[in-house]
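Dropping the structure here:
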């Protein structure tokens, strides 16, 4: 499991991650133009947030001339998986039945297509051991 502080992300940090995921490699000015202005935050605030995400190992960076270009160090799916793992570890007490029941309940609340997709993903998963029914 990734060692990431996913559940401790603030709203602005999450917005920056969303921006970087959608834009790909980007700089602070572009992130500020995309999300900072509409939120009424300064470029310095965006810079601080980006730096914090870099220190948390959620963003990677490379220097180009006098500025840094930032990219996501983890993909969105990895973050979602990690967040779900963290919540399940905290609340399920290692009881897989609770986890499975919650997952099926969530999938069935969306629509039948989502529930069917879940069933298909499970069936296609090569590392799922056969049951001993």
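In the numbering used here, the protein residues as written are 1033 to 1165. Cβ coordinates follow ideal geometry from the N, Cα and C atoms, glycine included.
Relative to the alpha-carbon of residue 1053, which residue among 1110, 1073, 1072, 1097 has its alpha-carbon at the smallest distance?
What you label residue 1053 is simply residue 21 of the chain shown in a count that begins at 1. Ranking 1110, 1073, 1072, 1097 by Cα distance to residue 1053 puts 1110 first.
Quick one: grab the DSSP three-state call for residue 1157.
As a first step, residue 1157 must be located in the chain shown, where it is residue number 125. Correct three-state label for residue 1157: coil.
Pairwise C-alpha distance: residue 1064 and residue 1074:
Translated into positions along the chain shown, residue 1074 becomes position 42. Translated into positions along the chain shown, residue 1064 becomes position 32. One C-alpha to the other measures close to 8 Å.
At what residue ranges does the stretch 1107–1155 contain a whole run of the alpha helix (DSSP H), taking only runs of 4 or more?
DSSP runs (the alpha helix (DSSP H)) wholly in the stretch 1107–1155: 1108–1123, 1128–1142.
Beta-bridge partners of residue 1101, as assigned by DSSP:
What you label residue 1101 is simply residue 69 of the chain shown in a count that begins at 1. In DSSP, residue 1101 forms a bridge with 1094.
Contact under 8 Å by Cβ, residue 1048 with residue 1096
Numbered from its first residue, the chain shown carries residue 1048 at position 16. Numbered from its first residue, the chain shown carries residue 1096 at position 64. Cβ atoms of residue 1048 and residue 1096: not closer than 8 Å.
Nonlocal neighbours in the same chain, by C-beta distance under 6 Å from residue 1057, ignoring five residues either side:
For the purposes of this step, residue 1057 is identified with residue 25 of the chain shown, where counting begins at 1. Cβ neighbours of residue 1057 beyond the five flanking positions: 1101, 1103.
Return helix, strand or coil for residue 1058, following the three-state DSSP convention.
Walking along the chain shown from the start, residue 1058 turns up at place 26. Residue 1058 carries a strand assignment under DSSP once its states are collapsed to helix, strand and coil.
Can residue 1051 and residue 1070 be called in contact, C-beta distance under 8 Å?
The count along the chain shown starts at 1 and reaches residue 1051 at position 19. The count along the chain shown starts at 1 and reaches residue 1070 at position 38. Cβ atoms of residue 1051 and residue 1070: not closer than 8 Å.
Determine, for residue 1123, whether the minimum Cβ-Cβ distance to residues of chain B falls below 8 Å.
Structure shown: chain B not included; a single protein chain is present.
In chain order, what residues of the same chain have a beta carbon less than 7 Å from the beta carbon of residue 1033, not counting five sequence neighbours either side?
Within the chain shown, residue 1033 is the residue found at index 1, counting from 1. Confidence at residue 1033 is low in this model, with a pLDDT of 43, below 50, so its placement is unreliable and the value that follows should be read with caution. Closer than 7 Å at the Cβ level, and outside the excluded window around residue 1033, lie 1114, 1117.
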